[in-house]
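Notes follow once the structure below has been shown.
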Amino acid sequence: MVPGETGVYLLMAIMSLLSAIAVYMAIRERDLVRAVIYSALQSGLYAILYFLLLAPDIGLVYIPVAVGLIPGVLLVLISKTERWERE
Amino acid sequence: MKLIELVILIVVVLAVALLITVGFEHIIPSTSVRRLAEFYLYTAYNPLVNYTAMSPEAVTAIVWDFRGLDTLFETSVFYLALIGSLALVRGLFVEHVEKSGHGLSIIVRTVTRITAPMIIAVGASIGLHGHLTPGGGFQGGSVIAVLPMIVIVVFSAGFLVLKGVTTSKLITTRSLGLIGIGVTAIALFLAGLALGTSAYVFQNMAKPAAQISMPVSIGGALISGTLWFFNLFEMFAVAAGFTIAFLAIMMARTLEAEKR
């Protein structure tokens, strides 16, 4: 069993790595709808990171704005233009 | 190919993390709290000293009291951006009240109806307890603004207008919130003028040169003077502001589709 503080740091490391992977997937994805979902996933992981780094105020802004509002607006914009990214 | 790139990326990230860890071995951080942080922690909730904000939440005390003027200008930047986006779609959207279609399936609609009051309750709790727990007006307002977006997706933009959430009402709410923030900012200054004593703009609690202060609690409930009022008005203004933007964008789309 890992001690509490080490566990928190380990969790932060895993969250950071997963968010880096999510950013990579969002950039490489040709389907813009899936790219928006990867971006929202990265934002959710960042919100957990802010909470673990003892900044819950920022985390509370991050969850509704970056996971709810910005993907919503981006999806509306994608539905008005094109879904697939061209070369 | 994608997998190899991903592995390279992870290796680079881990290498940079290792480099930073090894580098920081040589920087021994100070164990004491910095003097500025010490001042904030000492005065944020301390009725015995001057410059107190009477709020146990040091972040909200800093945001709306110690550096309140900065936050006021941040708020005005947000509203200028909103006015700009409204001006962009002006003339592109009209409020039409007829219900277009039935929205998504009955399961999704029922779940939305159940979760709607919960979202409002969580948002109001985050906003109105901003001076006690993490959160505040902007956080609470943006949580509440998620609800109209979900309703627009699940039902339709026309459904929201049909339920009485019209653009003119939202603009009125937003303006009342802004006026409330302005009035709260100069409330104690006006009181000082009326009583013939000196008081500052954006004053919350008594200062050495201005001995009047806002009520710390109402009926035994701590409201921390101006902080509760700022959070309340900011919550209404932010929620209404975001909702106007969605409504305008969605309405613009439906009008364009009709023209085709």
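Chains as they are written, first to last, in my numbering: chain L, 10 to 96; chain F, 62 to 321.
Don't be surprised by glycine CBs; every beta carbon is placed ideally from N, CA and C.
Just so you know, these numbers come straight off a predicted model, no measurement behind them.
Evaluate residue 265 (chain F) with the Cβ neighbour count: other Cβ atoms within 10 Å of its Cβ, from every protein chain shown; 16 or more gives buried, anything less gives exposed.
Taking the second sequence and counting its residues from 1, the one referred to as residue 265 (chain F) is at position 204. Looking at its Cβ environment, which holds 16 or more other Cβ atoms inside 10 Å, residue 265 (chain F) is buried.
From residue 223 (chain F) to residue 71 (chain F), what distance separates their C-alpha atoms?
Working through the second sequence from its first residue, we reach residue 223 (chain F) at position 162. Working through the second sequence from its first residue, we reach residue 71 (chain F) at position 10. C-alpha separation (whole angstroms): 51 Å.
So with CB distances below 7 Å, who are the chain F contacts of residue 65 (chain L)?
The sequence position of residue 65 (chain L) within the first sequence is 56, counting from 1. Correct list: 195.
Using beta carbons (cut-off 9 Å, strictly below), is residue 137 (chain F) in contact with chain L?
Here the question's residue 137 (chain F) lines up with position 76 in the second sequence. No, no contact with chain L.
Consult DSSP for residue 279 (chain F) and reduce its assignment to one of helix, strand or coil.
Position 218 of the second sequence, counted from the start, is the residue given in the question as residue 279 (chain F). Strand at residue 279 (chain F).
Does the segment 208-218 of chain F come close enough to the segment 270-284 of chain F that 3 or more CB-CB pairs lie under 8 Å?
no
Using 9 Å as the limit for Cβ to Cβ distance, is residue 25 (chain L) near chain F?
Translated into positions along the first sequence, residue 25 (chain L) becomes position 16. So yes, residue 25 (chain L) belongs to the interface.
Answer yes or no: does any C-beta atom of chain F fall closer than 9 Å to that of residue 33 (chain L)?
As a working mapping, residue 33 (chain L) is identified with position 24 in the first sequence. By this cut-off, residue 33 (chain L) is an interface position.
Looking at residue 198 (chain F) and residue 118 (chain F), is the spacing between their C-beta atoms short of 9 Å?
As a first step, residue 118 (chain F) is located in the second sequence; it is residue number 57 there, counting from the start. As a first step, residue 198 (chain F) is located in the second sequence; it is residue number 137 there, counting from the start. No, Cβ-Cβ distance for residue 118 (chain F) and residue 198 (chain F) is not below 9 Å.
Would residue 294 (chain F) count as contacting chain L if we go by Cβ distances under 9 Å?
Within the second sequence, numbered from 1, the residue matching residue 294 (chain F) stands at position 233. It does not; no Cβ of chain L falls within 9 Å.
Measuring CB to CB, does residue 33 (chain L) end up less than 9 Å from residue 55 (chain L)?
Start at 1 with the first residue of the first sequence, and residue 33 (chain L) comes out as number 24. Start at 1 with the first residue of the first sequence, and residue 55 (chain L) comes out as number 46. Cβ atoms of residue 33 (chain L) and residue 55 (chain L): not closer than 9 Å.
Taking CB distances under 9 Å as the criterion, tell me whether residue 147 (chain F) reaches chain L.
Locating residue 147 (chain F) in the second sequence gives position 86, counting from the first residue. No, its Cβ sits nowhere closer than 9 Å to a Cβ of chain L.
With a threshold of 9 Å between beta carbons, is residue 66 (chain F) in contact with chain L?
For the purposes of this step, residue 66 (chain F) is identified with residue 5 of the second sequence, where counting begins at 1. Yes, contact with chain L.
Run through the DSSP bridge pairs and tell me what residue 125 (chain F) is partnered with.
As a working note, residue 125 (chain F) is residue 64 in the second sequence. BP columns for residue 125 (chain F) are empty, so no partner.
Touch check for the segment 290-304 of chain F and the segment 232-245 of chain F: three-plus C-beta pairs under 8 Å?
yes
Nearest-angstrom Cβ-Cβ length linking residue 69 (chain L) and residue 196 (chain F), presumed shorter than 8 Å:
Stepping through the first sequence from its first residue, residue 69 (chain L) is reached at position 60. Stepping through the second sequence from its first residue, residue 196 (chain F) is reached at position 135. Yes, they are in contact, since the Cβ atoms of residue 69 (chain L) and residue 196 (chain F) sit about 5 Å apart, within 8 Å.
Quick one: list the residues of chain F neighbouring residue 43 (chain L), beta-carbon separation under 7 Å, in chain order.
Within the first sequence, the letter at position 34 stands for residue 43 (chain L). Neighbours of residue 43 (chain L) on chain F: none; closest Cβ ~14 Å, over 7 Å.
Any chain L beta carbon closer than 9 Å to residue 116 (chain F):
Counted from its first residue, the second sequence places residue 116 (chain F) at position 55. Answer no: the Cβ-Cβ gap between residue 116 (chain F) and chain L never drops below 9 Å.
According to a CB-to-CB cut-off of less than 9 Å, which residues of the segment 297-317 of chain F neighbour chain L?
303, 306, 307, 310, 311, 313, 314, 317
Can you confirm whether residue 78 (chain L), when its beta carbon is compared against all beta carbons of chain F, has any partner nearer than 9 Å?
The residue you call residue 78 (chain L) lines up with position 69 of the first sequence. It does: the Cβ of residue 78 (chain L) has a partner Cβ on chain F nearer than 9 Å.
Rounded to whole angstroms, how far is the Cβ of residue 92 (chain F) from the Cβ of residue 104 (chain F), which I believe are closer than 8 Å?
For the purposes of this step, residue 92 (chain F) is taken as residue 31 along the second sequence, with counting starting at 1. For the purposes of this step, residue 104 (chain F) is taken as residue 43 along the second sequence, with counting starting at 1. Not really, about 22 Å apart at Cβ, beyond 8 Å.
Listed in chain order, which residues of the segment 198-226 of chain F have Cβ atoms closer than 7 Å to some Cβ of chain L?
199, 200, 203, 204, 206, 207, 210
Count the other CB atoms within 10 Å of the CB of residue 68 (chain F); is the residue buried (16 or more) or exposed (fewer)?
For the purposes of this step, residue 68 (chain F) is taken as residue 7 along the second sequence, with counting starting at 1. Flag for residue 68 (chain F) reads exposed.
In terms of residue numbering, what span does the alpha helix (DSSP H) encompassing residue 210 (chain F) cover?
By 1-based counting over the second sequence, the position of residue 210 (chain F) is 149. That run of the alpha helix (DSSP H) goes 198-215.
Check whether residue 307 (chain F) and residue 206 (chain F) have beta carbons under 9 Å apart
In the second sequence, residue 307 (chain F) corresponds to position 246, counting from 1. In the second sequence, residue 206 (chain F) corresponds to position 145, counting from 1. Yes, they are a contact pair.
Exposure label - residue 108 (chain F); buried when at least 16 CB within 10 Å
For the purposes of this step, residue 108 (chain F) is identified with residue 47 of the second sequence, where counting begins at 1. Classification for residue 108 (chain F): exposed.
Can you name the residues of chain L whose CB is closer than 7 Å to the CB of residue 120 (chain F)?
Sequence index remark: in the second sequence, residue 120 (chain F) carries index 59 (1-based). Chain L residues near residue 120 (chain F): 66.
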